[in-house]
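Student: Going by this note's numbering, the sequence shown opens with residue 7, and the numbers climb by one from there.
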Amino acid sequence: MNLTNFRIIIILLILMGAVIVGYTKSSRLNEVELVSGLGIDKVDDQYSITLQVFNPAANQKNAVDPTGGFTYIQTGRTIPEALMKIKRNTLKEAILDTIQVVIVSEKVAKEEGLNEALDFLVRDPRIPAHINTVLIRNQSPEVFFKLFTPQQKLSSLYTKTMVENSKSSWGNLVNTSSERIKSLLEDKTSDVVIPYVEVHGDIQEGMSKRNIEDFTPATIISLEGLASFKGEKLHSFLTFEESNTLAMIKGIDQTVSISTPCPDGDDHFTIDTIQTSSSLSTLKDPLSYQLKVSIEGNLEESTCSRDLLSQSTKADLERTMEAKIKADIEALIKKVREDGTDIIGLRDTLFREQPEAWKEKQNDEDFFSSADIRTSVDVTFIRFGHTKH
């Protein structure tokens, strides 16, 4: 056999191998379904589990099918039992490794708590450890996964994108993997917050293709804020603005816009933050807390009737913005204390800075609900932007 014939045989073997591998992969893909979303709900004391799976035909390049996926729903005494029922009733094996988001119903979070769901999510090796858990308010995961959404063909992907985009405002507060939530619950030094979504509009219209055929969808999914927990159970909801304030207290370096009335009129001005930081520390004699918040930003727009070239105007606007942010912080602290939760991190700060005082106060609810918190806010404008007079 000469060298030329040998090379031809090698090339043919490589081509045959590629064809066989491609056929094997194609056959394997035809036998499985890739799960994009997992929903956890409770119906009549049983878990109701919803799986949203990719529709391969709709997710290929240049695909025209708007139906990005399908849903499977089953109930069971446990989450694994419901998943087993789904497996028995479908022709293909559901691959959980591709899950993009876990949606937990308000009912489960409020009545059942998170522990059982978290145990399943942490222990099941098929579910990626980094997947975010999101709460849905006033709707079921089943409805959520049946909605047609603009820009993304699957509501799970749409929500994942919203959560990723919110990191500029809320930072690691939206890193709500099952392992992280479980770790925070077990530490018992701080209460948990989880992002929540709401469905707005006509639900029936949202579950039809018409929802993405018009310029303005009849139904939308919106990321509304952070839900606060007391222990493993849902306790209350923060608005979008309150969630921004919480992130500021927690030291998240935020990119947000904040508006407030001008110092001497009804007009408004807006700061676009470029750097935010904060520190929460304990003080002795008497035992109390000090919260310092520092903000740098640009005056993005102002309708104030003031000379913006004047240093006194700059100082007045900074003081006005400081007062507005301080009022927002104090209002949130009041709300959290009335709720009886500690999402601000008072327990964690005391645990880290004064271990002996922590041993004495860790079970003293009256202390944490009434301890003095001295708040100071420093705002600095880096540059002035658009103005209207």
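Think of the CB as a built atom: it goes at the ideal place given N, C-alpha and C, for glycine as much as any other residue. The structure presented is a predicted model; accordingly, all values stated were derived computationally and were not measured.
For a quick check, are the C-beta atoms of Ile46 and Leu124 less than 8 Å apart?
Tutor: No.
Student: Can you list, in chain order, the residues of its chain with a C-beta nearer than 8 Å to that of Ile218? Leave out the 5 residues immediately preceding and following it.
Tutor: Contacts found: Pro72, Phe154, Thr155 and Pro156.
Student: Compute the beta-carbon to beta-carbon distance between Val385 and Ile301, rounded to the nearest angstrom, for a pair I have assumed lies under 8 Å.
Tutor: Yes, Val385 and Ile301 are in contact; Cβ-Cβ is about 5 Å, under 8 Å.
Student: By how many angstroms is the C-alpha of Val49 removed from the C-alpha of His274?
Tutor: The straight-line gap from Cα to Cα measures roughly 49 Å.
Student: With distances taken from CA atoms, which of Ser172, Phe150, Asn171 and Phe387 is nearest Glu162?
Tutor: Note that residue 162 is Ser in the sequence shown here, rather than Glu. Checked all of Ser172, Phe150, Asn171 and Phe387; the closest Cα to Ser162 is Phe150.
Student: Mind checking if Trp364 is an interface residue toward chain C, Cβ cutoff 8 Å exclusive?
Tutor: The chain labelled as chain C is not found in the depicted structure, where only one protein chain is given.
Student: Do the CB positions of Asp197 and Phe235 come within less than 8 Å of each other?
Tutor: Yes; because the gap between Cβ atoms is below 8 Å, this pair is in contact.
Student: In the DSSP output, which residue or residues are listed as bridge partners for Ala88?
Tutor: According to DSSP, Ala88 bridges with nothing at all.
Student: Please state if the CB of Ile109 and the CB of Val140 are separated by a distance shorter than 8 Å.
Tutor: The answer is yes: Cβ separation under 8 Å.
Student: Rounded to whole angstroms, what is the Cα-Cα separation between Lys298 and Ser285?
Tutor: Distance between the alpha carbons of Lys298 and Ser285: 5 Å.
Student: Only counting runs of 4 or more residues, tell me where the alpha helix (DSSP H) segments fall wholly within the region 197–225, in order along the chain.
Tutor: 209–212, all fully within the region 197–225.
Student: With a Cβ-Cβ cutoff of 8 Å, do Ser189 and Ala135 count as a contact?
Tutor: No; because the gap between Cβ atoms is not below 8 Å, this pair is not in contact.
Student: Run the CB neighbour count on Met254, radius 10 Å, all protein chains shown included, and call it buried at 16 or more, exposed below.
Tutor: Met254 is buried by the Cβ-count criterion.
Student: At what residues does the alpha helix (DSSP H) containing Val149 begin and finish?
Tutor: Unbroken alpha helix (DSSP H) run through Val149: Pro147 to Lys152.
Student: Kindly indicate which residue of Glu170, Glu185 and Glu112 has the alpha-carbon position closest to the one of Leu127.
Tutor: Checked all of Glu170, Glu185 and Glu112; the closest Cα to Leu127 is Glu185.
Student: What distance in whole Å lies between the Cβ atoms of Thr251 and Asp322, which are believed to be in contact at a cut-off of 8 Å?
Tutor: With 8 Å as the limit, Asp322 and Thr251 do not qualify as a contact, their Cβ atoms being about 23 Å apart.
Student: Can you tell which of Trp364, Leu356 and Gly74 has the C-alpha that lies nearest to the C-alpha of Met213?
Tutor: Nearest C-alpha to Met213: Gly74.
Student: Can you tell me which residues form a DSSP beta bridge with Pro134?
Tutor: Beta-bridge pairing links Pro134 to no other residue.
Student: Any idea which residues DSSP pairs Tyr53 with across the strands?
Tutor: According to DSSP, Tyr53 bridges with Lys48 and Gly82.
Student: When you compare the region 261–276 with the region 347–357, are there three or more beta-carbon pairs, one atom per stretch, that lie closer than 8 Å?
Tutor: No contact exists between the region 261–276 and the region 347–357.
Student: For Thr84, count neighbouring Cβ atoms within 10 angstroms of its own Cβ and tell me buried if that reaches 16, exposed if not.
Tutor: It counts as exposed.
Student: From this set, Ile226, Thr96 and Tyr202, which residue's C-alpha is nearest Lys152's C-alpha?
Tutor: Nearest C-alpha to Lys152: Ile226.
Student: Measuring alpha carbon to alpha carbon, tell me which residue in Ser146, Glu248 and Ser316 is nearest Glu336.
Tutor: The option with the nearest alpha carbon to Glu336 is Glu248.
Student: Do Val180 and Pro147 have their C-beta atoms closer together than 8 Å?
Tutor: No. Outside cutoff.
Student: Name the two residues that bound the continuous alpha helix (DSSP H) containing Ala377.
Tutor: Segment: none, Ala377 is in no alpha helix (DSSP H) and carries neither H nor E.
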